[in-house]
Amino acid sequence: MMTKGFPMDKFCFPPLLKAASKSMALSEGRMTHALAAKFGYDSDPYVETALVGMHAACGFITEARLVFDKMSHRDIVAWNMVIDGYCQNTFLMMLYPFCKR
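Numbers given in the numbering used here equal positions in the sequence shown, counted from 1, plus 122.
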């Protein structure tokens, strides 16, 4: 996108991270995360939620949980992403204490 002259803004990163999660492309997702951080968008709630979803979809629930715990604003979508990540990765026993808080 940048080589074609399109500006990068905070709206570019959630779809890129979702594409990385759907294709299980963790390294591309991490590069997208680094680029979002470089531009200062890594603290955007939509980018953070997409990061949680990407890490959870790729099987890295610990990293998803770290991003979730650092989020300044956790909405229902972020909660659903992390709960879904626990369920898809068969960490159901870890889900109960997490939801209890």
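Beta carbons are placed, not taken as given, at the ideal position from N, Cα and C, and that holds for glycine. As the structure is a prediction and not an experimental result, all values here were calculated from the model.
- Could you name the residues of the same chain whose beta carbon sits closer than 8 Å to that of Tyr163, not counting the 5 residues immediately before and after it, in chain order? One-based indexing of the sequence shown puts residue 163 at position 41. Answer for Tyr163: Asp131, Lys132, Phe135 and Val169, listed in chain order.
- Gly181 to Leu148, Cα distance in whole Å? Within the sequence shown, residue 181 is the residue found at index 59, counting from 1. Within the sequence shown, residue 148 is the residue found at index 26, counting from 1. Approximately 9 Å, taken between the alpha carbons.
- Taking the alpha-carbon positions, what's the Leu138 to Thr212 distance? Residue mapping note: residue 138 aligns to position 16 of the sequence shown, counting from 1. Residue mapping note: residue 212 aligns to position 90 of the sequence shown, counting from 1. Rounded to the nearest angstrom, the two C-alpha atoms are 26 Å apart.
- Task: Since I believe Val174 is in contact with Ala158 (beta carbons under 8 Å), could you give me their beta-carbon distance rounded to a whole number of angstroms?
- Result: Counted from its first residue, the sequence shown places residue 158 at position 36. Counted from its first residue, the sequence shown places residue 174 at position 52. Not quite, the Cβ-Cβ distance comes to about 13 Å (not below 8 Å), so this is no contact.
- Using the Cα positions of Glu185 and Lys140, report the straight-line distance between them to the nearest angstrom. Position 63 of the sequence shown holds residue 185. Position 18 of the sequence shown holds residue 140. Whole-angstrom Cα-Cα distance: 16 Å.
- Message: Can you list, in chain order, the residues of its chain with a C-beta nearer than 8 Å to that of Asp197? Leave out the 5 residues immediately preceding and following it.
- Response: Numbered from its first residue, the sequence shown carries residue 197 at position 75. Pro167 and Thr171.
- Cβ separation of Met193 and Ser143, assumed to be a contact under 8 Å, to the nearest whole Å: Along the sequence shown, one-based indexing puts residue 193 at 71. Along the sequence shown, one-based indexing puts residue 143 at 21. With 8 Å as the limit, Met193 and Ser143 do not qualify as a contact, their Cβ atoms being about 17 Å apart.
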